[in-house]
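Residue numbering for the sequence shown follows full-length UniProt numbering, beginning at 1 and increasing consecutively. The structure appears below as structure tokens.
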Amino acid sequence: MPAERAGYTVTMFLVDVSPSMGTMSSVDVPDGPDGEPRSVHMSRLERALQFVKLKIQEMIFNGRKTDQCGVLLFGTDDTNNIVYNKEPETASQHVTEYIPIGTPNAKTLAMIDEIKPSTTIGDPVNALVVGIETQNVYLKTKKTWTRRIVLLTDGENPLEIDDYVWKSAAHMIDKNAVYLTIVGVDFDDDEIDFHEEDKSHVKRTNESFFHTLISSLENAPSPAILGTLALALQELSRPDIKQTKSLLLSTTLRIGNPDDAKETSVEIGVKTSKCTAVVRPKSWKKFGKRVPEDSDGKAEQGKAVWAELHPRADWVIDKSEPREGDGDPADDPDAMDVDEEQKPRADKGKDKAQDIQVVEKENLIRGFRYGATHVPCPDGQFPGLETKKGIEICAFIRQSKWRRDWAMGEVQYVWADPDRPNAQVALSSLVRAMLAPDTEAELTTKGKSRQDPLMAIVRWVHRDGADPRIGVLAPCAFDAVDCLLFVPAPFADDVRRYTFSPLMHLVNRKGEHIKTHPFLPTDKQMAAMDDFVDAMDLEGMGEEDEDGARTSWFEPQLSYNPAIHRIKQALFHAAVVPDLRTHPLPPPHPELTKYFDPPRAVRKRARGTVDACVRAFVIKEVPKRVARSRKDDHVRAKDDEDEPLLIDRFGPAKPRVPQNAEAGPGPSTASARAKAAQNARGVPVSVKVEVTSPKRPPPPPAKNDDDSSVTEPESDDEPAPPPPKRPPPPPAKNDDDSSVTEPESDDEPAPPPPKRAKPAPAPPSPPRSPLPASATAVRRIVGIDSPLKDFRRNVQSGDLVSKAVEDLAWALCEIVRRPFASRRAGEVLEAMGELRDFCAQEDEVGAWNRFLHDLKRACLREDPGNRPFWTTLGKNRRRLGLIGVDEADTLGVSSEYSAEDVQKFYDEK
């Protein structure tokens, strides 16, 4: 399809507002949170206007003033249009120009929402004639603008089909090069396999007439489109890359220096235009709630008003920062006596405000950073290079020498001036010479089988005195024209070369090359990884072509950015629907998600290679690291599954008893448990545990530097001898840089370590259930052991209400999921009763209703579930049911569930 000019388009929407358009029908919407099917009742006119608003919203989104539209209504009770106003005796009655042609805005969408069905039948052919004439009058002096007409009707009204009238309308469409689109409500469409049942004879006749009208168009710029409204709404969400024409800019291509050597230099007049353009998601705007105030300065109670926040820049001087020559505050011992963290926050904020001095922009001069200093520039800019507008060729290189990572921006076309034949011949000769720089004899001499085209290194200056840009020109030969492609390139100073040794080259401290090491892959591992990469090849995984050969599965030109198109779809949908709760966002278009999952054949083929890689590389699951508890203002949940889990998994910590100490059973200290947990995470530690005499109770532990508890031995007779001092360990010396240590001297070996008494065996710990992943990912303030007790402690503070409600709901769902949950059914029911009362009083109705949905999912839809508990819960539906609208109104809160929804909640299975 040829590229269209961006903007400069007038689209007329012809909307049928006959009485039949007010017929109500059920429309499917996305499923609910629990997968239940949902639908809404909409009239035919509302569905048609939704299509119109989406099309107009796209024009507003693009932000082009030359993208304009108008709205005509046919079937209105009155008549107001250009044709009727000139000649009232014509047949263009009951057609109203509702919105004149112009650039759409938010007011346009508001006016479309006010359109209602009428009591008069309209004629779409008359509306076509009025729409074409309206465009002719508006575009009388704009001959190059594109014309589009979109007609929306349900086809339920009888038409007075006059051959002369509709053929004249078809002739006007061909003559004015109008892009015609007819969208029918519930029209038959083979593309989505939709055929309306019990279709009336009038509608069937009208559909046949519209097909005849479209087939009679011969000179239209593109084939007219006739389709059903359901497919049209679906296609609006299809990601599409619209090809547009870029504006041609004039410049000069130079070879040599015409000022110094005019005879040996060449100047070619060229035009430049965009080849590619980067597209980014729509930027977000920030809004803040504006509270209106009365004359006394007090906030008024009423509807909240939101206003857009605009950035503002202020230039300030921070006097608290040290200046040059003031010295370092750390050198003054008296300056470190005051701890900044001990100051009250209010005092710190007050002192900070006093140290800030606002400076007006008029009192500033521009400066540039040079190393660690700033160089002032009173004129605003240092003298630049004296440059001349144009593209200057500096040198030529082979395309094989060009690296793809040197491309620094978007691609642009360089065409010859279409009005200068000499320039076209000169540029075409240059392109052909760059494509085939070597003759056949030179290829034979160099031993090459094909050409290696040239690329030109150029310096591009957009206007006189502007900063130059460096780049390359690549030759490109189309079927009917030759051109050059410009790609920006970095300057030599911007290219960084980072060198490092090969990953397969490993040496030890002696400088010897190591061939076997855990960091070096083996031949088996290399083969397994090669097979895995080959199994993921997507070539030949696509559909079959005409010859029966498999094509490539992935096409880059058909891969769209979800961040752009999905956000765009969400913005459009939110702008055209009355309520997102009743009209939720539809799912993304299949073209947007077609490359989210790899082909099934590739996954099946790579399954065996994945298992081979797991065996070759000995891949194991790494246990999650347990985060340390922080000292917060709120109460932490006391679950007995946090720290002991690591001790149970890796075994109890083995105490180290000093020499000559009497071995005996003793309880494990908190330090031993902490050290065991650190050891389980891979931190080498040593824990000292002294066994005391049974005659006296052990003294309290003494705190040392590493915050570990050490108990000194006691005796009634005499103290135990201190353990012998050990020499420091010698440094590691090994050829392969392993963890084996050797003595420093070859003559005198290191002394052997002293003998130690065997510690008493630790008592076996009881088995524990594994900690759920959700508990380690999020720190909870309500635990599973005593959820109601933890909940009551946390809500007493009053500042963690929402967190306590959320965590109690999580804890109850976890208890129901676990084995032997029936033993705690009474405890769960009691906690649910208190949670429901608390949510009703603290305006947490939404949290309670969401918790019941999660609990229902855990009992009925998860494996193994807990259906007996759900049956028990159903017997208490009056006390533990959803909080509906009726109950919420009495409590002064809001709810989205009706009385019927509350009654059906426990009945649905």
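We put the beta carbon where it would ideally sit given N, CA and C, even for glycine.
{"query": "Should the segment 779-792 be called in touch with the segment 805-818, which here means at least 3 C-beta pairs below 8 Å?", "result": "yes"}
{"query": "Suppose the cutoff is 8 Å on Cβ atoms and the five residues either side in sequence are ignored; what does the same chain contact list for Asn257 look like?", "result": "Ser265"}
{"query": "Specify whether the segment 59-71 and the segment 95-110 touch according to this definition: at least 3 beta carbon pairs, one from each stretch, less than 8 Å apart.", "result": "yes"}
{"query": "Measuring only the C-alpha atoms, how far is Ile457 from Asp405?", "result": "16 Å"}
{"query": "Between Arg148 and Thr11, which are expected to be in contact by the criterion C-beta below 8 Å, what is the C-beta distance as a whole number of angstroms?", "result": "4 Å"}
{"query": "If you draw a straight line from the alpha carbon of Glu887 to that of Gly874, how long is it in whole angstroms?", "result": "19 Å"}
{"query": "In the DSSP output, what is Ile101 paired with across the bridge?", "result": "Ile101 pairs with nothing; no bridge assigned."}
{"query": "Our contact map puts Leu54 next to Leu236 with C-beta atoms below 8 Å; I'd like the distance itself, whole angstroms only.", "result": "5 Å"}
{"query": "Under a Cβ-count criterion, where at least 16 other Cβ atoms within 10 Å of its own Cβ denotes burial, should Pro787 be classed as buried or exposed?", "result": "buried"}
{"query": "Span of the beta strand (DSSP E) holding His374?", "result": "373-377"}
{"query": "Quick one: give me the first and last residue of the beta strand (DSSP E) that Asp16 is part of.", "result": "9-16"}
{"query": "So which of Val17, Val359, Asp190, Leu585 has the shortest CA-CA distance to Gly227?", "result": "Asp190"}
{"query": "Which runs of the beta strand (DSSP E) spanning at least 3 residues fall entirely within the segment 460-491, listed in chain order?", "result": "469-477, 482-488"}
{"query": "Once you ignore the five residues that flank Glu58 on each side, which residues in its own chain have a CB closer than 6 Å to its CB?", "result": "none"}
{"query": "Return the chain-ordered list of same chain residues with a C-beta closer than 8 Å to the C-beta of Gly833, the five sequence neighbours on each side being excluded.", "result": "Arg879, Leu880"}
{"query": "By the three-class DSSP mapping on this structure, what secondary structure does Ala307 have?", "result": "strand"}
{"query": "Nearest by alpha-carbon distance to Leu585: which of Thr9, Gly390, Val576 is it?", "result": "Val576"}
{"query": "Which one or two residues does DSSP pair with Ser898 in a beta bridge?", "result": "DSSP, once it has assigned bridges, lists no residue as partnering Ser898."}
{"query": "If you measure between the beta carbons of Leu882 and Asp854, is that distance less than 8 Å?", "result": "no"}
{"query": "Per DSSP, what are the beta-bridge partners of Ile182 in this structure?", "result": "Leu151, Leu226"}
{"query": "The alpha helix (DSSP H) spanning Ser559 covers which residue range?", "result": "Ser559 -> no alpha helix (DSSP H), and no H or E assigned at all."}
{"query": "Just the C-alpha distance for Asp31 and Glu410, rounded to the nearest angstrom, thanks.", "result": "42 Å"}
{"query": "State buried or exposed for Gln608, treating a residue as buried only when at least 16 other CB atoms are found within 10 Å of its CB.", "result": "Reading off the sequence shown, one finds Gly at residue 608, where the question assumed Gln. Classification for Gly608: exposed."}
{"query": "For Val608, name the three-state secondary structure that DSSP assigns.", "result": "Looking at the sequence itself, residue 608 is Gly, so the reference to Val does not match. Gly608 falls in the helix class under three-state DSSP."}
{"query": "Under the rule that 16 or more other beta-carbon atoms within 10 Å means buried, what is Gly131, buried or exposed?", "result": "buried"}
{"query": "Closest to Glu308 by C-alpha separation, out of Leu592, Gly288, Thr373, would be which residue?", "result": "Gly288"}
{"query": "Could you give the first and the last residue of the continuous beta strand (DSSP E) run that contains Cys813?", "result": "Unbroken run through Cys813 is the alpha helix (DSSP H), 801-817; no beta strand (DSSP E)."}
{"query": "In angstroms, rounded to a whole number, what distance separates the CA positions of Ala489 and Val358?", "result": "42 Å"}
{"query": "Quick check: what's the CA-CA separation for Asn219 versus Asp174?", "result": "5 Å"}
{"query": "Can you pull the DSSP bridge partners for Glu543?", "result": "Beta-bridge pairing links Glu543 to no other residue."}
{"query": "Quick one: Cα of Leu891 to Cα of Asp837, how far?", "result": "11 Å"}
{"query": "Just the C-alpha distance for Asn85 and Leu72, rounded to the nearest angstrom, thanks.", "result": "15 Å"}
{"query": "Do Val425 and Leu473 have their beta-carbon atoms positioned less than 8 Å apart in this structure?", "result": "no"}
{"query": "Taking the C-alpha atoms as reference points, what is the distance between Asn157 and Arg877?", "result": "52 Å"}
{"query": "Since Arg47 is in the alpha helix (DSSP H), which residue starts that stretch and which ends it?", "result": "44-62"}
{"query": "Between the Cα of Gly540 and those of Glu546, Arg550, Pro598, spot the shortest distance and give me the residue it belongs to.", "result": "Arg550"}
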